[in-house]
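Residue numbers (our numbering), protein chains in the order written: chain A, 1203 to 1315; chain B, 9 to 120.
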């Protein structure tokens, strides 16, 4: 089945130790998103790609970066995780951006110790 | 910010009852979408309603949109225990194409 896959499901990292989360899709969608969701809160958009065009939200910390080497893969890099970065990170894809439904992966739960 | 507000924040009902959740947003939209999230999982798209539509149905789901009031509602009829989840609305701006802004969500608990 075509889908959005996030690895790992659970990630534990130490304070200040760089971590990379990955997302892959078999839907061949142009747009890929990274959302951060803290407990009992709304998903918050960090950035998105339309094809190779990178779009950063104004309030996304510089600590967060992303790479999209090809259509299928997208990575979220957290350069120096702080305790406040502990959250669920959700990857989503869409063929037409916000004009069509988003397809989400099951997320990566990040714990910072 | 166009972040929507949803109410109630939490809703507890019995199986068989209907559940209604409301969403408000701040600026003009292209469409509004509803998503469900089971605990610890990703979001699942339920229904999309465009700005020129007033009502849409999908199975036991009914969504209304009132652009004059900048609000939407999601009705789940004949609820089941499996409907227990958080429900989020998300709005897509008129200008630009790419992003959805999610509301804070309603946590629905359906008891057998």
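Glycine residues also receive a C-beta, built at the ideal position from the N, C-alpha and C atoms.
It should be emphasised that the depicted structure is a prediction, and the values quoted were computed from it without experimental measurement.
- Task: Compare the beta carbon distance of residue 1301 of chain A and residue 98 of chain B with 8 Å and say whether it is the shorter of the two.
- Result: Locating residue 1301 of chain A in the first chain gives position 99, counting from the first residue. Locating residue 98 of chain B in the second chain gives position 90, counting from the first residue. With contacts defined by Cβ atoms closer than 8 Å, residue 1301 of chain A and residue 98 of chain B do not form a contacting pair.
- Message: Helix, strand or coil, according to DSSP, for residue 1301 of chain A in the structure here?
- Response: Counted from its first residue, the first chain places residue 1301 of chain A at position 99. Helix.
- Three-state secondary structure (DSSP) of residue 1261 of chain A: Counting from 1 along the first chain, the entry for residue 1261 of chain A is found at position 59. Residue state, collapsed to three classes: coil.
- Task: Examine chain A for any beta-carbon lying closer than 8 Å to the beta-carbon of residue 112 of chain B, and answer yes or no.
- Result: As a first step, residue 112 of chain B is located in the second chain; it is residue number 104 there, counting from the start. With a threshold of 8 Å between beta carbons, residue 112 of chain B makes contact with chain A.
- Item | Own chain, CB closer than 6 Å to residue 53 of chain B, minus 5 neighbours either side, in chain order | Taking the second chain and counting its residues from 1, the one referred to as residue 53 of chain B is at position 45. If you ignore the 5 residues before and after residue 53 of chain B, its C-beta comes within less than 6 Å of the C-beta of 43, all in its own chain and listed in chain order.
- Task: Decide if residue 116 of chain B is buried, meaning its Cβ has at least 16 other Cβ atoms within 10 Å, or exposed.
- Result: Sequence index remark: in the second chain, residue 116 of chain B carries index 108 (1-based). Buried is the call here.
- Message: Comparing C-alpha positions only, which one of B/68, B/73, B/50 sits nearest to residue 56 of chain B?
- Response: Looking up residue 56 of chain B in the second chain gives position 48. Here the closest residue by C-alpha is B/73.
- Message: Could you tell me the alpha carbon to alpha carbon distance between residue 111 of chain B and residue 78 of chain B, rounded to whole angstroms?
- Response: Translated into positions along the second chain, residue 111 of chain B becomes position 103. Translated into positions along the second chain, residue 78 of chain B becomes position 70. Near 13 Å, if we compare the C-alpha coordinates of residue 78 of chain B and residue 111 of chain B.
- Item | Check whether residue 1245 of chain A and residue 1292 of chain A have beta carbons under 8 Å apart | Here residue 1245 of chain A refers to the residue found at position 43 of the first chain. Here residue 1292 of chain A refers to the residue found at position 90 of the first chain. For residue 1245 of chain A and residue 1292 of chain A, yes; Cβs fall inside 8 Å.
- Query: Which full runs of the beta strand (DSSP E) of 3+ residues lie inside the stretch 1210-1288 of chain A, going along the chain?
  - Reply: With a minimum length of 3 residues, the continuous beta strand (DSSP E) runs that stay inside the stretch 1210-1288 of chain A are 1212-1215, 1221-1227, 1233-1239, 1246-1252, 1255-1258, 1266-1269, 1275-1280.
- Have a look at residue 1233 of chain A and residue 1275 of chain A and give me their C-alpha separation to the nearest angstrom. As a working mapping, residue 1233 of chain A is identified with position 31 in the first chain. As a working mapping, residue 1275 of chain A is identified with position 73 in the first chain. Looking at the two C-alpha atoms, the distance is approximately 11 Å.
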